[in-house]
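Right, one structure below, let's go through it.
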Amino acid sequence: MVNWVRGWRMKTYDSVLSESGVVGEQVAREIFSLLPEQGPIVVIMDRQGRVWASDPEGFSALKVDEGFLAEICAKIDDGVEPVVAQRDDCGIVAGQLAGERAVCGYVFVVLRQSTAESTLLRVDLAEALVNQMSLVAELLEKSRFWRKQQVRQYAANPQTVVASN
Numbered sequence: 008m009v010n011w012v013r014g015w016r017m018k019t020y021d022s023v024l025s026e027s028g029v030v031g032e033q034v035a036r037e038i039f040s041l042l043p044e045q046g047p048i049v050v051i052m053d054r055q056g057r058v059w060a061s062d063p064e065g066f067s068a069l070k071v072d073e074g075f076l077a078e079i080c081a082k083i084d085d086g087v088e089p090v091v092a093q094r095d096d097c098g099i100v101a102g103q104l105a106g107e108r109a110v111c112g113y114v115f116v117v118l119r120q121s122t123a124e125s126t127l128l129r130v131d132l133a134e135a136l137v138n139q140m141s142l143v144a145e146l147l148e149k150s151r152f153w154r155k156q157q158v159r160q161y162a163a164n165p166q167t168v169v170a171s172n
């Protein structure tokens, strides 16, 4: 089965050790609260295989194994994007979660009660959601970069903190 991180909470030391894990967790935190309850299930998987799902129970019920996800990820890594797959009565549209500087992982949009035909009709909308999540990842990366720059500047010149107050 899939190695789950329940919801978006994650242990602090895992976040510190993995930049993509941090971005994946942050994107999950920003996006999952905005999704409608009966809408698509959005799943984020980082490069280390940690998974965050907007509806962990709903995604678990699909009984998606690591091999199935690995096949989709391999296709994405080979340049096929978006990847469209069918699992029982759910359509899955997947793509890369990438910021400006790094590939952070993968995004899976699970369309509930969707036939193969209806999934293909909605693939553009799901792909737009995947792209928006990458945009959020890019903005989070930039925010982290500028925060680090600001801390370095304050560390190098502590007088700037006093002068700005």
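Take 8 as the starting number for the sequence shown in our numbering and just add one per residue.
Even for Gly, the Cβ is constructed at its ideal location relative to N, Cα and C.
- A Cβ-Cβ distance of about 7 Å is found for the pair Val117 and Val50, placing them in contact under the 8 Å criterion.
- Residues of the same chain with their beta carbon placed closer than 7 Å to that of Glu78 are lacking, with the five preceding and five following residues left out of the count.
- Apart from the 5 residues on each side of it in sequence, Gly46 has no Cβ closer than 6 Å to any other Cβ in its chain.
- In terms of Cβ geometry, Leu42 and Ser61 form a close pair [threshold 7 Å].
- DSSP assignment within the segment 20–86 yields the following whole alpha helix (DSSP H) runs of 4 residues or more, N-terminal first: 26–39, 63–68 and 73–84.
- Excluding five sequence positions before and after Asp96, the CB atoms of its chain that fall closer than 6 Å to its own CB belong to Gln120, given in chain order.
- In this structure Gly74 is exposed. Its beta-carbon is surrounded by fewer than 16 other beta-carbon atoms within 10 angstroms.
- Secondary-structure assignment with DSSP links Val117 through a beta bridge to Ile48 and Ile99.
- A straight line joining the alpha-carbon of Asp72 with that of Ala163 spans about 49 Å.
- Only residues of its own chain outside the window of five on either side were considered, and among them Glu88, Pro89, Val114 and Val137 have a CB closer than 6 Å to the CB of Gly102, listed in chain order.
- Collapsing the DSSP output to three states places Arg129 in coil.
- The alpha-carbon separation between Val110 and Trp153 amounts to approximately 19 Å.
- Counting C-beta atoms within 10 angstroms of its own C-beta, Val100 has 16 or more neighbours from the protein chains shown and is therefore classed as buried.
- Between Lys70 and Lys149, the alpha-carbon positions lie close to 36 Å from each other.
- Listed in chain order, the non-local C-beta contacts of Glu145 below 6 Å within the same chain comprise Gly106 and Glu107, local neighbours out to five positions each way being set aside.
- Where Ala109 is concerned, there is no enclosing beta strand (DSSP E), because DSSP gives it neither an H nor an E.
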